[in-house]
Ligand SMILES: [Fe+2]
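In our numbering, the protein residues as written are 224 to 391.
In structure tokens:
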């Protein structure tokens, strides 16, 4: 993980191609990691910040078996998530309302994918709505966040639904 953070600090995600960021994360997933030492929360998941500055944020996530995030998007951020251990399920949604009523969003499920060790999930658009769950057993993942533009700052997650639950 130190090597991943060092590489990303040297050349941040927005100065790399998406393929290059994916290659870095796949390489990190292939190495022994420290996720068994991550804090855990029965029935839920934890997020541990490995590194953060104005250009990027690296988090390590630890899901309890069958725990799921809330449905969320990442607002003004790119998000790359790689599975380090276990299996995760990603549920995708599209927003089917006009987005013109504050505090309300109408979503439609458009499918799910199973991710195993080394598999990558990438998010980059506004209203790229999804949910992540541990599929049957505990799961560990690393996530890299970067602002959509170089002038933005990395911010905490923005919920897809203004009056709804917080994002992952
Ligand atoms: Fe997410």
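Quick reminder that beta carbons are idealized off the backbone N, C-alpha and C, glycines included. For clarity, every value in this text was computed on a predicted model and none was experimentally measured.
Relative to the C-alpha of residue i, which residue among the options is closest?
{"i": "residue 320", "options": "331, 313, 310, 312", "result": "331"}
{"i": "residue 451", "options": "350, 311, 277, 317", "result": "In the structure as shown, the chain starts at 224 and stops at 391, and residue 451 therefore has no counterpart that could be examined."}
{"i": "residue 365", "options": "307, 263, 253", "result": "307"}
{"i": "residue 358", "options": "313, 229, 367, 350", "result": "313"}
{"i": "residue 309", "options": "327, 329, 338", "result": "338"}
{"i": "residue 253", "options": "262, 224, 303, 231", "result": "224"}
{"i": "residue 361", "options": "333, 246, 263, 248", "result": "263"}
{"i": "residue 334", "options": "347, 352, 327, 325", "result": "352"}
{"i": "residue 350", "options": "356, 327, 363, 272", "result": "327"}
{"i": "residue 356", "options": "336, 348, 347, 346", "result": "336"}
Roughly how far, in whole angstroms, is the beta-carbon of residue i from the beta-carbon of residue j, given that I think they are within contact range, below 8 Å?
{"i": "residue 236", "j": "residue 301", "result": "6 Å"}
{"i": "residue 354", "j": "residue 291", "result": "6 Å"}
{"i": "residue 316", "j": "residue 294", "result": "6 Å"}
{"i": "residue 305", "j": "residue 251", "result": "7 Å"}
{"i": "residue 303", "j": "residue 367", "result": "5 Å"}
{"i": "residue 343", "j": "residue 248", "result": "6 Å"}
Give me the Cα-Cα distance between residue i and residue j, rounded to the nearest whole angstrom.
{"i": "residue 280", "j": "residue 238", "result": "15 Å"}
{"i": "residue 233", "j": "residue 278", "result": "11 Å"}
{"i": "residue 242", "j": "residue 323", "result": "35 Å"}
{"i": "residue 190", "j": "residue 255", "result": "Because the chain here runs from 224 to 391, residue 190 falls outside it and cannot be looked at."}
{"i": "residue 369", "j": "residue 318", "result": "23 Å"}
{"i": "residue 240", "j": "residue 299", "result": "18 Å"}
{"i": "residue 288", "j": "residue 230", "result": "31 Å"}
{"i": "residue 244", "j": "residue 260", "result": "25 Å"}
{"i": "residue 348", "j": "residue 363", "result": "24 Å"}
{"i": "residue 246", "j": "residue 272", "result": "21 Å"}
{"i": "residue 226", "j": "residue 346", "result": "23 Å"}
Inset, instruction - Would you list, in sequence order, the uninterrupted beta strand (DSSP E) runs of no fewer than 3 residues that lie entirely inside the region 232–280? - result: Taken in chain order, the whole beta strand (DSSP E) runs of length 3 or more contained in the region 232–280 are 268–275.
Inset, instruction - Determine contact between the region 281–293 and the region 260–268, defined as no fewer than three beta-carbon pairs at a distance below 8 Å. - result: Taking 8 Å as the limit for Cβ pairs, the verdict is that the region 260–268 does touch the region 281–293.
Inset, instruction - Please specify which runs of the beta strand (DSSP E), each continuous and at least 3 residues long, are wholly inside the region 283–357, giving them in chain order. - result: Taking only runs of at least 3 residues, the beta strand (DSSP E) segments lying wholly in the region 283–357 are 300–308, 311–318, 330–338, 343–346, 352–357.
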